[in-house]
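Read the structure below first, then the notes.
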Amino acid sequence: MEVSSYNRAQPSPPSQNEEHLHLLVETGLLLASERSLDVVIQAALDAGLRLSGASFGAFFYTNTGEGGDPYHLYKIVGLDPSLLDRLPMPGPTELFDVTFLDQGVVRSPDITLDSRYGHNLPLAGMPPGHPPVRSYLAVPVRSRGGNVLGGLIYGHPDINVFSPFSEGLVATVASQAAVAIDNVRLAESLTREIALVDAAHALQLQTASRLRHALDSEQLGTWTWDRATDLLDLDERAAHLLLAQPHVPISRTELRHRIVAPEDLVEVTTSLRRSLDSGSHYSAECRVDTPSGFPTWVSASGVPAFAPGSSIVTGMVGTVRDITTRKTQESALRQSEKLAATGRLAATIAHEINNPLEAVTNLIYLSRTDPDVPRPVQRLLETADAELARVAQIAQQTLGFYRDTTLPGEIILNELIHSVVDLFARKMSSHKIDCTLDLDPNLCINGLRGEMRQVFSNLIVNAIEAFTSVPKPGHLHIRGRHLQRPCNHVSILISDDGTGIPSQVRDRIFSPFFTTKQSIGTGLGLWVTRGFVEKQGGTIRFRTRTGDPAGTIFRVFLPVNMPSSIHPTSSLLQDALI
Amino acid sequence: MFKSALQRILVVDDEELIANTIVQILNRSGFIAEAAYGGQEAIDAARRITPEILLSDILMPYLDGIEAAIEIQKFLPDIRIVLFSGQAATVEILARARARGYNFELLAKPLHPLQLIKHLQELPPAPRLR
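In order, the protein sequence lines correspond to chains A and B. Residues in the first sequence are numbered from 28 upward in steps of one, following the working numbering. Residues in the second sequence are numbered from 75 upward in steps of one, following the working numbering.
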């Protein structure tokens, strides 16, 4: 037994050495090209078994993670594979520590005689089910970095099986395996890193896209500003709002003076100064003068950027948006609140004024129709009567809107228009305006007299006011026609040769609260006028021209019979009064 | 200009000056007019003179023009009723009357006497109760 064992340990004949070297080279080539950890370890384990002449072998991983067993039995060779599941994981024994901690090779002709063997309780040697081992060879697998990746351990039930030569062969396989494992791990970690980079890139794209959508949904433009150079960089929307080129650097000061409405310059400058001094959030609202002639309202806000480790503001990043709609609504709301307050005041005053007005009208009428009053006095009273009619008209127009509560009836427009023109005769003559009428006889419609009266009085007042900025004498012409097609309609044209309506306001003259008469207008005249005309079932249009010659023609087109569904007190009026 | 049979009109206004001047104007224009200065007084006068037309202010203390008109209509079903007022608030009162089935005509003060006379001369027959 001993002899045969000894014989085995004799140096191998040259033919066997050649075979071993051949195997070593093949294994080296295989390991160098392999990218699977499993295959690498299996190949190394197999080669080691054949090169050492062991009867069985195992590969243990060094567990580098936290907790758990220090060594992990990963693969076995020359044994029943089910042993992998049955054997307990090896603990930190003196013998293993040599291989895995001290990184030394252990080669023993009879491990049971080794001084380091069997000291570790509770097993004191091999666990139950472990194949019997006498010859023992353990070689660490060391990475390039010097740490132990694991170990190749071979055994044989006989003594004296492993020679120094076979130890050298196994050590070579171990170093080849170490390189291969390093490569596999490097490839794995590279793949992981690439996946991380990919994920980060995807997240970045997602974030950028989300930001873009958020900016789009709020219609926000973005800008950055560098304090040292005073240069602004604007994205497309910001550039569009601020009348500049996208991503073409422009000085903030220059842009401000070019586009910000003069009345808002102080606010914008103050707000910027405050933000720069205190390092606080910047926000400002201002009007931007656009080429159309109508300012848009924009709101800009930004956060300051600071020099590293300092409180000095070096620039800003921010957004800009169009707030014209909001501003218009706010202004309309303020106007309507004002109007509501005015309305309440008007209602109160109206009562106090209308009753004495009624009494005075009656008294003057009684005086001037008294046959005993001399003719010159009668004429004076007639003038007083006409002037009082103007007061009554003004009271109705300005102290609350006219509310027509009469039932629809026949209106002779000839009479109605004549009486409105008479009412404003004095005002026209003081403005040197002459008025001509060309009305077909008997222009009759069915409708609400008070509202129709208001329609023509609004249009005539507007026409008169079209001359106020022109010193030259003006001409007002009113033409009324029965229409053949469509039949049962009348058309009334009111034309003036005043200044005309500027093109930029033409779209808005029928909008509520729009007025060109800043200090005296309510901005409701034409809106109410159109409401009355449409309630009557008619339409109102206009043509206008500025320059030379200038003038405006309003055309009111009315059906002879108003639609039956319309009730005398319409919601339009209720709305206007609330 | 004058209708063959003179029409009797009851003019009601708590401002006596207005009621009196309108009565004078109407009496000169071919009507037989009489004044009352309150809602209850109007009802009493209506029983006495049985007018064809009632011309009444709306906002009056104690009994307003609409209540008086409704009361008078009960015993003079063919009376024609014209209300007049200088206040926007009367529109709401009128709307409430309409909700109760009374559809009155409302004229706005101030109303020029010529327009008033014309309006009264052209009054259609009294609308039936709805």
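By construction, the Cβ of each residue, glycine as well, lies at the ideal position given by its N, Cα and C atoms. On a predicted model such as this, the values are computed, not experimentally measured, just so you know.
- The three-state reading of DSSP puts residue 240 of chain A in helix, counting H, G and I together.
- Shown in chain order are the members of the region 83 to 107 of chain B whose Cβ falls below 8 Å from a Cβ of chain A: 89, 91, 92, 95, 96, 98, 99 and 102.
- Excluding five sequence positions before and after residue 73 of chain A, the CB atoms of its chain that fall closer than 7 Å to its own CB belong to 104, given in chain order.
- As far as DSSP is concerned, residue 117 of chain B takes part in no beta bridge.
- Counting only Cβ-Cβ distances below 9 Å, residue 185 of chain B has contacts in chain A at 385, 388 and 419, in chain order.
- A contact is defined here as three or more CB-CB pairs under 8 Å, and the region 230 to 244 of chain A fails this definition with respect to the region 308 to 322 of chain A.
- Neighbours of residue 381 of chain A across chain B, judged by C-beta separation under 7 Å: 160, 183 and 184.
- In the DSSP assignment, residue 106 of chain B forms a beta bridge with B:82.
- The C-beta distance from residue 438 of chain A to residue 476 of chain A rounds to 5 Å, short enough to meet the 8 Å contact threshold.
- Contact annotation: residue 254 of chain A and residue 341 of chain A have beta-carbon atoms nearer than 8 Å.
- Measuring C-alpha to C-alpha distances from residue 65 of chain A to each of A:102, A:45 and A:89 identifies A:102 as the nearest.
- Interface with chain B (8 Å Cβ-Cβ cutoff): residue 413 of chain A is excluded.
- According to the DSSP assignment, residue 127 of chain A belongs to the alpha helix (DSSP H) that extends over 121 to 127.
- When the Cα atoms are used, residue 464 of chain A and residue 379 of chain A turn out to be separated by approximately 37 Å.
- If you draw a straight line from the Cα of residue 139 of chain A to the Cα of residue 161 of chain A, it is about 6 Å long.
- For residue 520 of chain A, the enclosing beta strand (DSSP E) begins and ends at 516 to 523.
- Considered as a whole, the region 243 to 272 of chain A harbours 248 to 253 and 258 to 261 as its complete beta strand (DSSP E) runs of no fewer than 3 residues, in chain order.
- Beta-bridge partners assigned by DSSP to residue 274 of chain A: none are found.
- In the DSSP assignment, the residues bridged to residue 167 of chain A are A:178.
- If you compare the alpha carbons of B:174, B:189, B:150 and B:151 with that of residue 158 of chain B, the shortest gap goes to B:189.
- Put simply, the backbone Cα of residue 293 of chain A is about 14 Å away from that of residue 315 of chain A.
- Bridge pairing for residue 98 of chain A: A:89 [DSSP].
- By the neighbour-count definition (other C-beta atoms within 10 Å, threshold 16), residue 82 of chain A is a buried residue.
- Around the beta-carbon of residue 52 of chain A, fewer than 16 other beta-carbon atoms lie within 10 Å, marking it exposed.
- Here DSSP, grouped into helix, strand and coil, assigns residue 49 of chain A to helix.
- Remark: C-beta atoms of residue 143 of chain B and residue 155 of chain B approach each other more closely than 8 Å.
- The Cβ of residue 396 of chain A sits closer than 8 Å to at least one Cβ of chain B.
- Residue 204 of chain A and residue 88 of chain A have their C-alpha atoms roughly 12 Å apart.
- Residue pairing by DSSP places residue 104 of chain A opposite A:84 in a beta bridge.
- Listed by position along chain B, the residues whose Cβ is nearer than 9 Å to that of residue 392 of chain A are 95, 99, 186, 187 and 188.
- Contact annotation: the region 125 to 136 of chain A touches the region 189 to 196 of chain A, with at least three C-beta pairs closer than 8 Å.
- DSSP, reduced to helix, strand and coil, places residue 567 of chain A within a strand of the structure shown.
- Contact between residue 486 of chain A and residue 581 of chain A holds: their C-beta atoms lie close to 5 Å from each other, under 8 Å.
- Within the region 443 to 517 of chain A, the complete alpha helix (DSSP H) runs of at least 4 residues fall at 452 to 457 and 476 to 492.
- Residues of the region 573 to 593 of chain A that bring their beta carbon within less than 7 Å of a beta carbon in chain B are absent altogether.
- Look at residue 77 of chain A here: in three-state DSSP terms it is helix.
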